[in-house]
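**Student:** Have a look at the structure that comes next, please.
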Amino acid sequence: MILDQLVRADLYAAIHPGFASAFEFLRTANLSEMSAGRHEIDGDRMYVVINRMPGRGREGAKFEVHRKYIDIQFGISGTDEMAWLALPDCTQPIAPFEVEKDMGFFKDAAETWVVVPPGSFAIFFPQDVHAPLGGKGDLVKAVVKVAVDWK
């Protein structure tokens, strides 16, 4: 997991071949004007999901994990709080992993929380189980999904 501000995103561009273009998109797109839902950036290799919804609070946040995509969760407005737990430490799956949706859920207890204010991002890799939407109030965020297998 990585937590930082978009102004320092170039520090992480070399980690993955899609990160430079993901950060460029976050810097240049008019995110606050985009409608909620999925928007293509580079086909199945990279897309963004704009979320406009109230936070669930820490007690309502759900642990999730992905295998095919890395999440870059960027705060547009409202301050989100996200829990993190390493995948090997998760022992309580809610259901089998849904390959088609690239989504698995866990009911393990959160131990580590990070605050993601507007202008900041959190990167979650496949080994990072995370619980977004732990903030309160109205949240607007962009979740850039970057394919792990970049071809």
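In this text, residue positions in the sequence shown follow this note's numbering: the first is 1, and each later residue adds one. From the three backbone atoms N, C-alpha and C, an ideal C-beta is built for every residue, glycine too.
1. Applying the criterion that 16 or more other CB atoms from any shown protein chain within 10 Å of the CB defines a buried residue, is I70 buried or exposed?
2. What does DSSP give as the partner residue(s) for H130 in the beta ladder?
3. Which of helix, strand or coil does DSSP assign to R27?
4. Pull up the distance between the alpha-carbon of W113 and that of A20, whole angstroms please.
5. I'd like to know if D108 contacts chain D, where contact means its C-beta is closer than 8 Å to some C-beta of that chain.
6. For a test of the three-state rule: what should DSSP assign to V148, helix, strand or coil?
7. Is it right to say I94 is buried, meaning 16 or more other beta carbons lie within 10 angstroms of its own, or is it exposed?
8. Closer than 6 Å by C-beta to F25: which residues in its own chain qualify, once you throw out the five before and the five after it? Chain order, please.
9. Scan the segment 3–51 and note each continuous beta strand (DSSP E) run of 3 residues or more that stays entirely inside, going in chain order.
10. Could you name the residues of the same chain whose beta carbon sits closer than 7 Å to that of H66, not counting the 5 residues immediately before and after it, in chain order?
11. Under 8 Å Cβ to Cβ from L87, same chain only, skipping five residues before and after it: list those, please.
12. Per DSSP, what are the beta-bridge partners of K141 in this structure?
13. From the DSSP output, read off the bridge partner residues of F124.
**Tutor:** According to the structure shown:
1. By the Cβ neighbour-count rule, I70 is buried, with 16 or more other Cβ atoms within 10 Å of its own.
2. Secondary-structure assignment with DSSP links H130 through a beta bridge to E64 and W84.
3. Correct three-state label for R27: helix.
4. Taking C-alpha positions only, W113 is separated from A20 by approximately 26 Å.
5. No chain D is present in this structure, which holds just one protein chain.
6. Assigned with DSSP and collapsed to three states, V148 falls in coil, not helix or strand.
7. I94 is exposed by the Cβ-count criterion.
8. Same-chain partners within the cutoff: I41.
9. Counting only runs of 3 or more, we get 37–42.
10. Closer than 7 Å at the Cβ level, and outside the excluded window around H66, lie D102, M103 and P126.
11. The answer, listed in chain order, is V65, P126, Q127, D128 and V129.
12. In DSSP, K141 forms a bridge with N51 and G75.
13. In DSSP, F124 forms a bridge with D71.
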